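Engineer:
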Amino acid sequence: MKLFEQRRWRWLAALASGLMLSRAVSLAPIWWLAWIAPAPLLIAAFETSAGEAFLLAFAAGVIQATSIWHLMMVVNGPVAVVIFTILFGLLWALAISLARAIVCASDFWLATLAYPTAWAAVDTLLVVLWPHGTYGSMAISQMNLLPLIQIASIAGSAGIVFLMSIAASMAAVAAHKPRRAHPLLAYGTPAVVLLLGYGYGATRLASPALSLPMRVAIVAIDRNDQTLDAAKQDPIWDRYLSDTDRLAGQGAKLVVFSEAIALLDQQRQSELSRRLSAEARARSIYLVAGLAAKDGALIHNRAWVFGPDGRMLVSYAKHHLAPGLDAQLGTPGTGYSTFDLRGHRIGVAICKDMDFPALPRHYRRLGVEALVVPASDFGEDGWLHSRIAVLRGVEDGFSVIRSGEFGLLTISDPYGRVLMQAPSKSGPGGTLMATLPLARPITTVYSRIGNLLGFASIAAIALWLVTVLLSRSRAELEAANVEAAVSRS
Numbered sequence: 029m030k031l032f033e034q035r036r037w038r039w040l041a042a043l044a045s046g047l048m049l050s051r052a053v054s055l056a057p058i059w060w061l062a063w064i065a066p067a068p069l070l071i072a073a074f075e076t077s078a079g080e081a082f083l084l085a086f087a088a089g090v091i092q093a094t095s096i097w098h099l100m101m102v103v104n105g106p107v108a109v110v111i112f113t114i115l116f117g118l119l120w121a122l123a124i125s126l127a128r129a130i131v132c133a134s135d136f137w138l139a140t141l142a143y144p145t146a147w148a149a150v151d152t153l154l155v156v157l158w159p160h161g162t163y164g165s166m167a168i169s170q171m172n173l174l175p176l177i178q179i180a181s182i183a184g185s186a187g188i189v190f191l192m193s194i195a196a197s198m199a200a201v202a203a204h205k206p207r208r209a210h211p212l213l214a215y216g217t218p219a220v221v222l223l224l225g226y227g228y229g230a231t232r233l234a235s236p237a238l239s240l241p242m243r244v245a246i247v248a249i250d251r252n253d254q255t256l257d258a259a260k261q262d263p264i265w266d267r268y269l270s271d272t273d274r275l276a277g278q279g280a281k282l283v284v285f286s287e288a289i290a291l292l293d294q295q296r297q298s299e300l301s302r303r304l305s306a307e308a309r310a311r312s313i314y315l316v317a318g319l320a321a322k323d324g325a326l327i328h329n330r331a332w333v334f335g336p337d338g339r340m341l342v343s344y345a346k347h348h349l350a351p352g353l354d355a356q357l358g359t360p361g362t363g364y365s366t367f368d369l370r371g372h373r374i375g376v377a378i379c380k381d382m383d384f385p386a387l388p389r390h391y392r393r394l395g396v397e398a399l400v401v402p403a404s405d406f407g408e409d410g411w412l413h414s415r416i417a418v419l420r421g422v423e424d425g426f427s428v429i430r431s432g433e434f435g436l437l438t439i440s441d442p443y444g445r446v447l448m449q450a451p452s453k454s455g456p457g458g459t460l461m462a463t464l465p466l467a468r469p470i471t472t473v474y475s476r477i478g479n480l481l482g483f484a485s486i487a488a489i490a491l492w493l494v495t496v497l498l499s500r501s502r503a504e505l506e507a508a509n510v511e512a513a514v515s516r517s
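FYI, the numbering used here numbers position 383 of the sequence shown as 411, with every residue one higher than the one before it.
1) Rounding to the nearest angstrom, what Cα-Cα distance links LEU466 and ASP262 in this structure?
2) Based on Cα-Cα distance, which residue from THR76, ILE96 and LEU122 lies nearest to VAL110?
3) On the CB-based measure, 16 or more other CB atoms within 10 Å of its CB, does GLU33 come out buried or exposed?
4) Whole angstroms is fine: what's the gap from LEU498's alpha carbon to GLY117's?
5) Check TRP120 in the structure and name its three-state DSSP category.
6) Here's a check: name, in chain order, each residue in its chain whose Cβ is nearer than 7 Å to the Cβ of SER440, leaving out the five neighbours to either side.
7) Return the first residue and the last residue of the beta strand (DSSP E) that SER431 is part of.
8) Using 8 Å as the Cβ pair cut-off and three pairs as the minimum, do the stretch 136 to 156 and the stretch 481 to 500 touch?
9) Please report how far the alpha carbon of ALA25 lies from the alpha carbon of THR438, in whole angstroms.
10) Using CA coordinates, which residue listed in LEU157, PRO442 and SER193 is at the minimum distance from SER169?
11) On the premise that ALA248 lies in contact with SER452, defined as a C-beta separation below 8 Å, what is that separation, rounded to the nearest angstrom?
12) What's the call for SER475, buried or exposed, on a 16-neighbour Cβ count within 10 Å?
13) Go ahead and label PRO206 buried or exposed: buried means 16 or more other beta carbons lie within 10 angstroms of its beta carbon, across all protein chains shown.
14) Cα separation between LEU340 and SER165?
15) What are the start and end residues of each continuous alpha helix (DSSP H) run of 4 or more residues lying completely inside the stretch 111 to 199, in chain order?
16) Which of the three DSSP states is assigned to GLY216 in this structure?
17) Shortest alpha-carbon distance to ARG393 belongs to which of TYR364, LEU223 and HIS328?
18) According to DSSP, which residues form a beta bridge with HIS17?
19) ILE470 lies in the beta strand (DSSP E); which residues open and close that run?
20) With 16 as the cutoff for other CB atoms within 10 Å, does GLY279 come out buried or exposed?
21) Does the Cβ-Cβ distance between ARG430 and MET171 come in under 8 Å?
22) Excluding the five sequence neighbours on either side, which residues of its own chain have a C-beta within less than 6 Å of the C-beta of ALA139, listed in chain order?
23) Just confirm the distance between the C-beta atoms of ALA62 and ALA73, as a whole number of angstroms; I'd bet it's less than 8 Å.
24) Measure the C-alpha to C-alpha separation of ALA41 and ILE64 and round it to an integer number of angstroms.
25) State the start and end residues of the unbroken beta strand (DSSP E) segment that holds ILE439.
26) MET522 bridges to which residues according to DSSP?
27) Does DSSP put VAL396 in a helix, in a strand, or in coil?
28) To the nearest whole angstrom, what separates the beta carbons of TYR400 and ILE374, a pair I think is in contact under 8 Å?
29) Output yes or no for whether 8 Å exceeds the beta carbon distance between SER197 and PRO218.
30) Measuring CA to CA, which of ALA186, GLN92, LEU275 and ALA67 is closest to LYS314?
31) For ASP381, name the three-state secondary structure that DSSP assigns.
32) As a quick exercise: from HIS98, ALA88 and ASP135, pick the residue whose alpha carbon is nearest that of LEU114.
33) For SER286 and ALA186, what's the separation of their Cα atoms in angstroms?
34) Report the residue from ARG36, ASP383 and SER454 whose alpha carbon sits nearest the alpha carbon of LEU69.
35) Which partner residues of LYS453 appear in the DSSP bridge assignment?
36) For GLY318, does the three-state DSSP call read helix, strand or coil?
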């Protein structure tokens, strides 16, 4: 493309892509903009050297990272801002460089899928190696496009990233080499793949789930005072239980509180346990409460579950601890907890546990039909973090009931439909009640194979690169032989 033969236009393209990405893949994303945002960057990368393509992509990734600078600064400080910014830059540089190496070195019609495959591979590496799991995956930008995200039930977040990258790849390859060999295959194949993925999602959404409606309620009260004293009674429990009385009176059979409501020593734990037990028994409800439990020298971020008879059914310890107070003082758990709710198996997770696909997938193998998730967010990331939890439900085929302090209260079904949503509030707090269709277990491909297709994309990119390198070596050898023959003659 002649326009991008000039360096300034290539850098303007990278700037344009970066600015669009900072809005499209942000804390409040725009799904359709995420489809087209990479196109100018891709076109520019295909028209320049490998080194400059790397720098262009890195710059675009850095610009995208600006959308979360404020959140990272407030939550983790300046060091985290630098790390996140460099990471975003490197992720984009890696994906663009991989796609460029394949597209520019090959006229093979399948090269149109190089960029989507590269991003699927990068997303898989992110999920497996990144200490924040899928927090940062571009897949979350598509959570409002329900038909598309159903592909997660087969391929996880990598499948979403693959499909959303097809349009930009087709446009960039067409601009780079308009007369590509076998155009019908080069552009028809990715178009068919995208249509099949979308069609699968639409079909899945049209399939009714057999269910038994259950009235569930969520309570989350944003604390103005974050000071925690393990030896003092915290009056916030009065407010939570007052809301519980009201919601139970309206027909709620399951009530879920938010995460780490108070820090309690062993004496206060015993007192609270008796109080929550009495509430569950008096109201004949299932009650889920999050607390920070000081057990000797250890602190566990726990979720307690009480049954209608007042018995404690579950004491679950959070596996994945968030940066800050959670990670510094907390001790990660290792067990999995379920309870029976009128013939339905319910699992328990806490907040950041849902950022990692492996934990919910294990619960699915245990046969759960829903996860209750006490959580605590950071205000501006409430939508994003709630949708990560919703995506886990799509991947593994269960409902998610999430109570997010400083975030959103959400109830979603196994297809990612948010049935009810409300913001958390400071006293008297935010509440939400809905009839949840507790679906019978929905078996998904992803719950069986996990990230297998994501790892397949890594293998495909590696094989592709080896093929490109071998072809280049063969061409160089042939050219050297021809030159030698000419010199001898």
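Note that CB positions come from ideal geometry on N, CA and C, so glycine has one too.
A quick note: this is a predicted structure, and the numbers were derived from the prediction, not measured.
Structural biologist: By the coordinates alone:
1) Taking the CA atoms as reference points, LEU466 sits about 34 Å from ASP262.
2) Ranked by Cα distance from VAL110, the first of THR76, ILE96 and LEU122 is ILE96.
3) An exposed status is given to GLU33, since fewer than 16 other beta-carbon atoms sit within 10 Å of its beta-carbon.
4) Put simply, the backbone Cα of LEU498 is about 29 Å away from that of GLY117.
5) In this structure, TRP120 counts as helix in the three-state DSSP scheme.
6) VAL418, GLY421, SER427, VAL428, VAL446 and LEU447.
7) That run of the beta strand (DSSP E) goes 427 to 433.
8) As far as the Cβ criterion goes, the stretch 136 to 156 touches the stretch 481 to 500, which means the pair count is three or higher.
9) Look at the range of the chain in this structure, 29 to 517, and you will see that residue 25 is not part of it.
10) The residue with the shortest Cα to Cα distance from SER169 is SER193.
11) Right, their Cβ atoms sit about 4 Å apart.
12) A residue is called buried once 16 or more other Cβ atoms fall within 10 Å of its Cβ, and SER475 is buried on that count.
13) Under this definition PRO206 is an exposed residue.
14) In the sequence as displayed, the identity of residue 340 is Met instead of Leu. For the pair MET340 and SER165, the Cα-to-Cα distance works out to about 37 Å.
15) The stretch 111 to 199 contains these whole alpha helix (DSSP H) runs: 142 to 157, 174 to 177 and 180 to 192.
16) It is helical.
17) Nearest of TYR364, LEU223 and HIS328 to ARG393, Cα basis: TYR364.
18) Since the displayed the chain opens at 29 and closes at 517, residue 17 lies outside it and no answer follows.
19) Bounds of any beta strand (DSSP E) do not take in ILE470, whose DSSP letter is neither H nor E.
20) With fewer than 16 other Cβ atoms within 10 Å, it is exposed.
21) No, these two residues do not count as a Cβ contact at 8 Å.
22) Excluding positions up to five away in sequence, the list reads ILE130 and VAL131.
23) The C-beta distance from ALA62 to ALA73 rounds to 18 Å, too long to meet the 8 Å contact threshold.
24) Approximately 12 Å, taken between the alpha carbons.
25) Residues 436 to 440.
26) Residue coverage of the chain in this structure runs from 29 to 517, which leaves residue 522 outside it and unanswerable.
27) Three-state DSSP puts VAL396 in coil, outside helix and strand.
28) The question names Tyr, but residue 400 is Val in the sequence shown. Between ILE374 and VAL400 the Cβ distance is about 6 Å, and since that is below 8 Å, they are a contact.
29) At a Cβ-Cβ threshold of 8 Å, SER197 and PRO218 count as neighbours.
30) According to the sequence shown, residue 314 is Tyr rather than Lys. Ranked by Cα distance from TYR314, the first of ALA186, GLN92, LEU275 and ALA67 is LEU275.
31) It is helical.
32) The question names Leu, but residue 114 in the sequence shown is Ile. With respect to the C-alpha of ILE114, the residue from HIS98, ALA88 and ASP135 having the closest C-alpha is ALA88.
33) Each residue's Cα considered, the two are about 30 Å apart.
34) The closest CA to that of LEU69, considering only ARG36, ASP383 and SER454, is found on ARG36.
35) Paired residue(s): ILE249.
36) Reduced to three states, the DSSP call for GLY318 is strand.
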